[in-house]
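Take a look at the structure below.
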Amino acid sequence: MSGHGTPIPMTSHPCGPLTGTAEVPGDKSISHRSLILGAMAVGETRISGLLEGEDVLDTAKAMQAFGAEVTDHGGGEWTVHGVGVGGFAEPDQVIDCGNSGTGVRLIMGAMATSPIMATFTGDASLNKRPMARVTDPLALFGAQAVGRSGGRLPMTIVGASDPTPVRYEVPVPSAQVKSAVLLAGLNAPGKTVVIEKEATRDHSERMLSGFGAEITVEDTDEGRVITLTGRPELKPQVIAVPRDPSSAAFPVCAALITPGSDVLVPGIGLNPTRAGLFTTLREMGADLTYENEREEGGEPVADLRAKYSPDMKGIDVPPERAASMIDEYPVLSVVAANATGTTMMGGVKELRVKESDRIDAMARGLRANGVTVNEGDDWWSVEGLGIGKVPGGGTCESFLDHRIAMSFMVMGMGAQNPVSVDDGSPIATSFPIFEPLMALLGAKVERR
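Using this note's numbering, the letters of the sequence shown map in sequence onto residues 176 to 623.
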C-alpha cells in the first residue's frame, strides 16, 4: 500500500474468532525520535525494531538530506552516523514528510536553531494541517517560517543564526510541539524551558536523557516543567524499539468485539503517557490482561491478551486522559458502538486537527453503519448498540487517515454486514503489515 499513490478501496467482512499472536510493528513515535536524535549525536547509533512504515522512512530520508549517514541493514536493523548538535547541512532538495505530522514538526524543531534553510512539504492530508503551533515557538529562538496561508505546507524554515533559549508554555497538549521546542533547544545556549499544563507522551524527555542531554522534569503549580541545557554532545545509543501501542489497539479492539476471539499481542510499550486506551477498555469491562510485564530500554513493556468481551459498558472517559490516548479514540469509538450504553469522550479538540478531523470522519462513518453519534467542538459520544448489533453495510471515507481506515476495518469484523472504506492506502504510513497480520488471525479484509 502507498499513502502517496492510487486509492485502494477495502472491505472488511464479519468473521469467525480471531486467534493467535499479533506481532505489530515498532513504535512510530520512538522510531522517529531514534532517527532524529541519532542524526544529532556524534558517532553510530544502532536501532533494532524500527517501524518501516512510510512515515518513518520519510524521516530517515530527511536525516540523510541533512547530512547524517542512515543505513538500512534489513529486518528493522538500522544505523545512523550522526553529525552532532548544530551539525546539520543544508539540504539540496525539498524535504517530503509524506503523511507525518510528527516527522515534519520534529524535524523543523531539530533544524530551527542551525543557520540553514529547508523547505518542507507532504501529501494532501499533511499540507492541510496547521504548522503555526510549531513555527510560533520556533520563532522565539530566532527561526523564520514562510508558508501557505494559515501556516500550512509547503513551508520554508530559515534557522536561527544566533539562537536564544526560550521559556514556552504549550497552549494545548501536544507532544509534537513540546518535542519540537526541546529539539530546537539542543542548539541554543543556556536553558530552554517547556511547561505543560497536561502531561503528554514523554518519549522525547526519556530519549534525550538516554542520549546524554542534561534534562530535568518537575511537577509544579505551573504544570509539568521540563528544563533542557543546550549544546550538549549527544552520545550514540543502542536502541531496541518497543512495539507500538497505537498499532496494537487494532488487533486488541478487533478481538474484543469478535465472538470467540483470543489474541496475544507481545512486547507492547506501556509508557503511562501512551496506555490510556487499555485503561479505558478495562474500565468498560474488556477482558484485557497484561502478561510478562517488564522494562526494556527504560520503557515499561508487556504482552497483551485480548479476549472476546460481550458485556462491555459505555463509560465517561476522563478528559484528562485524552493526551495518553489521543490517537486511539477512533478505534475506541468502534468498541463503544459494540458496548451497551453511551460512551462520552471529552477534552478531544486535538482530534479536529489530526491527519483528518477525526471526530467528523468517525461520526460520518459510524452513522453510515447504523450507529448514533453526537458531537461538539471538544467532545463526542457514541450510543452503544451492544455486541454484534452494529448493522454495518456502509462505505466510509478515510480522508487520507490511516487510523480512520483501520478503525472501520475493525468495525467490519464484528458488524452484521461488511464495512468498506474508499481508500485504505494510508494504512501503509504506520502499519504496513496490517492486512497480512489480521488475515493470519482470521480476519477477512479484501481490496476491491
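For each residue, glycine too, the CB sits at the ideal point set by N, CA and C. Owing to the predicted nature of the structure, the values given are computational and were not obtained by experimental measurement.
Check	Outcome
For the region 318-330 against the region 345-352, are there 3 or more C-beta pairs whose distance is under 8 angstroms?	no
Is the region 589-599 in contact with the region 184-198, if contact means three or more CB pairs nearer than 8 angstroms?	yes
Just how far apart, CA to CA, sit K303 and Y483?	38 angstroms
How far does the beta strand (DSSP E) with T194 in it reach, from first residue to last?	T194 to T196
Among V427, G251 and A314, whose alpha-carbon lies nearest the alpha-carbon of T464?	V427
Just the Cα atoms here: how many angstroms apart are V476 and G250?	21 angstroms
Span of the beta strand (DSSP E) holding I432?	Run containing I432: none in the beta strand (DSSP E); it sits in the alpha helix (DSSP H), P420 to I432.
So, helix, strand or coil for G178, using DSSP?	Any reading at G178 needs caution, since the residue's pLDDT is 43, under 50, leaving its predicted position unreliable; the model's value is listed next. G178 falls in the coil class under three-state DSSP.
Note down the Cα distance separating A214 from L361, rounded to an integer number of angstroms.	13 angstroms
Under 8 angstroms, with one C-beta from each stretch per pair, do the region 253-262 and the region 292-302 reach the 3-pair mark?	no
C272 and K619 - do their beta-carbons sit closer together than 8 angstroms?	no
Over what stretch of residues does the beta strand (DSSP E) that includes N302 continue unbroken?	Run containing N302: none; DSSP gives neither H nor E here.
Taking A514 as the reference, give the member of D486, L358 and S354 with the closest Cα.	D486
Have a look at A481, R376, L507 and E550 and flag the residue whose alpha-carbon is nearest the alpha-carbon of L616.	A481
Could you tell me whether the region 395-413 touches the region 457-471, using the rule of 3 or more Cβ pairs below 8 angstroms?	no
Taking the beta carbon of H248 as the centre, do at least 16 other beta carbons fall within 10 Å, making it buried, or is it exposed?	exposed
Taking DSSP as the reference, what is the three-state secondary structure of M292?	strand
Please tell me whether L409 and V217 are closer than 8 angstroms, where the distance is taken between their beta carbons.	yes
Taking the CB atoms as reference points, tell me whether G569 and G589 lie closer together than 8 angstroms.	no
Among the residues of its own chain, which have a CB less than 6 angstroms from the CB of E621, if the five just before and after it don't count?	T186
Does DSSP put L616 in a helix, in a strand, or in coil?	helix
Can the beta-carbon of G149 be found less than 8 angstroms from the beta-carbon of A603?	The shown model of the chain, from 176 to 623, leaves out residue 149, and the question about it has no answer.
So for E474, helix, strand or coil by DSSP?	strand
What's the gap between the Cα of G551 and the Cα of K529?	16 angstroms
Determine the DSSP secondary structure at V596, reduced to helix, strand or coil.	strand
Would you kindly check if the distance between the Cβ of S600 and the Cβ of V557 is under 8 angstroms?	no
Where do the N-terminal and C-terminal ends of the alpha helix (DSSP H) with W439 fall, by residue?	Looking at the sequence itself, residue 439 is Leu, so the reference to Trp does not match. Counting along the chain, L439 falls outside any alpha helix (DSSP H), though it belongs to the beta strand (DSSP E) covering D437 to G444.
Between the region 518-527 and the region 488-504, are three or more C-beta pairs nearer than 8 angstroms?	yes
Please classify P312: is it buried, with 16 or more other beta-carbons within 10 angstroms of its beta-carbon, or exposed?	buried
Quick check on DSSP: helix, strand or coil for M584?	helix
Should the region 367-379 be regarded as contacting the region 415-424, the criterion being three or more beta carbon pairs within less than 8 angstroms?	no
If I'm right that V309 touches G284 with Cβ under 8 angstroms, what's the distance once you round it to whole angstroms?	7 angstroms
Tell me, to the nearest whole angstrom, how far the beta carbon of M286 is from that of G334; I am working on the premise that it is less than 8 angstroms.	6 angstroms
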